[in-house]
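Asker:
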Amino acid sequence: MGKKLVRGLIVMSLMCASLVLATSCAKKQIDVSEGIQPPAEPPRKVEAPAAKETPKEVVVVEVEEEQLPPEMVQKIEAFQNENIYFDFDKSNLKPEAQEVLKKKAAFLRNNPEYYVLIGGHCDNRGTEEYNLALGERRAASAKDFLMALGISGDRIKTISYGELRPADPRNNEEAWALNRRDEFNLYK
8 MGKKLVRGLI VMSLMCASLV LATSCAKKQI DVSEGIQPPA EPPRKVEAPA AKETPKEVVV
68 VEVEEEQLPP EMVQKIEAFQ NENIYFDFDK SNLKPEAQEV LKKKAAFLRN NPEYYVLIGG
128 HCDNRGTEEY NLALGERRAA SAKDFLMALG ISGDRIKTIS YGELRPADPR NNEEAWALNR
188 RDEFNLYK
């Protein structure tokens with residue numbers, strides 16, 4: 008009788024263990040009808056911040072040329088159409104760029120009603136972030152030079168376009184040299 012009792016206990020233990028194991032793995036039934044309130048307002052979509060800043064578009068007021076004498080129109084066009092150029096990966100002003108800036112400073116001194124926006128540009132070599140920073144340094148170099156010549160910093164704004172606005176889209180040394188530039192736009 009002792010052996011039968013031990014076998015019975017073992018069988019009962021295995022059955023209990025199987026029952027416990029089977030019920031513990033079953034999914035729990037949850038009553039979701041109670042205690043949950045619908046949201047008062049729908050959730051708002053939150054946009055992630057931009058990974059990098061791109062240049063903001065600056066609106067330049069066009070000079071109304073029809074109200075100006077032809078000589079002044081010519082001076083304005085000459086001012087805006089003469090860019091300065093930089094060496095690869097540089098923001099220092101070359102002697103020829105300094106001569107151009109001296110002419111621009113003379114125009115600004117003689118026409119205090121005008122302001123200038125200097126846009127710094129780069130060729131497409133390098134990362135976009137690096138080129139935006141380099142374009143800003145190039146525009147700042149021109150601004151600093153104009154300020155050293157007596158033009159108020161309040162009349163000079165700068166912006167970097169990096170590689171975003173190439174003068175020549177080709178990928179060769181000639182195109183890259185044209186893209187490494189500062190452009191000048193007048194506004195009132």
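The numbering used here numbers the first residue of the sequence shown as 8 and each following residue consecutively.
In this text, a Cβ means the ideal position worked out from N, Cα and C, and glycines have one as well.
The structure displayed is predicted, hence computed values, not measured ones.
Can you tell me whether residue 170 is buried or exposed, with buried defined as 16 or more other CB within 10 angstroms of its CB?
Answerer: buried
Asker: Am I right that residue 120 and residue 195 are in contact with their C-beta atoms under 8 Å? What's the rounded C-beta distance?
Answerer: 6 Å
Asker: Let's see if you can read the secondary structure: which residues bound the beta strand (DSSP E) around residue 169?
Answerer: 163-169
Asker: Tell me the rounded alpha-carbon separation between residue 130 and residue 191.
Answerer: 18 Å
Asker: Three Cβ pairs or more, each shorter than 8 Å: is that satisfied between the segment 89-103 and the segment 141-148?
Answerer: The answer is yes - the segment 141-148 touches the segment 89-103, with three or more Cβ pairs under 8 Å.
Asker: Given 8 Å as the limit, is there contact between the segment 161-178 and the segment 123-142, that is, 3 or more CB pairs closer than that?
Answerer: Yes, since at least three Cβ pairs between the segment 161-178 and the segment 123-142 fall closer than 8 Å, the two stretches touch.
Asker: Excluding sequence positions up to five away, which residues of its chain have a Cβ less than 6 Å from the Cβ of residue 104?
Answerer: 91
Asker: Quick check on this structure: which residue in 181, 182, 165 and 118 has the alpha carbon closest to the alpha carbon of residue 189?
Answerer: 165
Asker: Please return the same chain residues whose Cβ sits closer than 6 Å to the Cβ of residue 157, not counting the five positions on each side in sequence.
Answerer: Here the set comprises nothing.
Asker: Within 10 angstroms of the Cβ of residue 155, are there 16 or more other Cβ atoms? Answer buried if so, exposed if not.
Answerer: By the C-beta density criterion, residue 155 is exposed, having fewer than 16 other C-beta atoms within 10 angstroms.
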